[in-house]
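A.B. asks: My questions will all concern the structure given below.
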Amino acid sequence: MIQINEKSIFSGLLFLFTGLLLYITIGMRSDVALVPRIVGFTMLIFSGIDLVHSLFPAVRERLPFLNKRASETAFVQMGAAEEPEKAEEPVASKETGQSLLLFAGWILLFVILIYFTNMILAILASLFIYLKWVIKESWKLTILYSVTAAILSYLVFVKAFGIHHMWS
19 MIQINEKSIF SGLLFLFTGL LLYITIGMRS DVALVPRIVG FTMLIFSGID
69 LVHSLFPAVR ERLPFLNKRA SETAFVQMGA AEEPEKAEEP VASKETGQSL
119 LLFAGWILLF VILIYFTNMI LAILASLFIY LKWVIKESWK LTILYSVTAA
169 ILSYLVFVKA FGIHHMWS
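Residue 142 in this note's numbering sits at position 124 of the sequence shown; the count goes up by one each step and never skips.
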């Protein structure tokens, strides 16, 4: 029996998307495609396991270590963990919606900054905005973290790896 729900649809789309990305890397040079292949292969394995786990209830019963509740129960029975408290279902509030919109806006700003400036300046500006206005960090730490992240990104990607289109 196949059980189709939101989780199985998401896992299936993620599996197909990852497979497509791995297929696209076939024609690339091996040095360029190394990281996408490593990440893609790992994501393909995990999304495939999750897809099979969410589509087929029989597999879910035979592989209980993949089920979070079953593994928690096993740990409690072994004495390795305490009985988890019953958590209430989180209720979406107006603050949650506003914080999600703020986060989405921050991501959009980051992408726009990458398009119009370059990656290093986008990291600097978006990290500064995030630290100062989203999580309200002090000015000293905001400047220190933002500049440090931008300098480290520059040194690692531009100087060490020679990826100059991040800086142009």
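Every residue gets a Cβ at the ideal spot worked out from N, C-alpha and C, and that includes glycine.
1. Please say whether Ser144 and Phe134 have beta carbons closer to each other than 7 Å?
2. Once DSSP output is grouped into helix, strand and coil, what is the label at Arg47?
3. So, with DSSP's three-state summary, where would you put Phe175?
4. For the candidate residues Lys158, Met46, Gly30 and Ile147, whose alpha-carbon lies nearest to that of Ile67?
5. In whole angstroms, what separates the C-alpha of Ile42 from that of Val70?
6. Residue range of the alpha helix (DSSP H) that Gln21 falls in?
7. Where Ser171 and Ile138 are concerned, what is the direct C-alpha to C-alpha distance, given to the nearest angstrom?
C.D. replies: So, to answer that:
1. By one-based count along the sequence shown, residue 134 stands at place 116. By one-based count along the sequence shown, residue 144 stands at place 126. Contact flag unset, no.
2. What you label residue 47 is simply residue 29 of the sequence shown in a count that begins at 1. Arg47 falls in the coil class under three-state DSSP.
3. For this step, residue 175 is matched to residue 157 along the sequence shown. It is helical.
4. Translated into positions along the sequence shown, residue 67 becomes position 49. Ranking Lys158, Met46, Gly30 and Ile147 by Cα distance to Ile67 puts Gly30 first.
5. Position 24 of the sequence shown holds residue 42. Position 52 of the sequence shown holds residue 70. C-alpha separation (whole angstroms): 24 Å.
6. On the sequence shown, position 3 is the one that residue 21 refers to. Unbroken run through Gln21: none, as it is neither H nor E.
7. Indexing the sequence shown from 1 puts residue 171 at position 153. Indexing the sequence shown from 1 puts residue 138 at position 120. About 7 Å.
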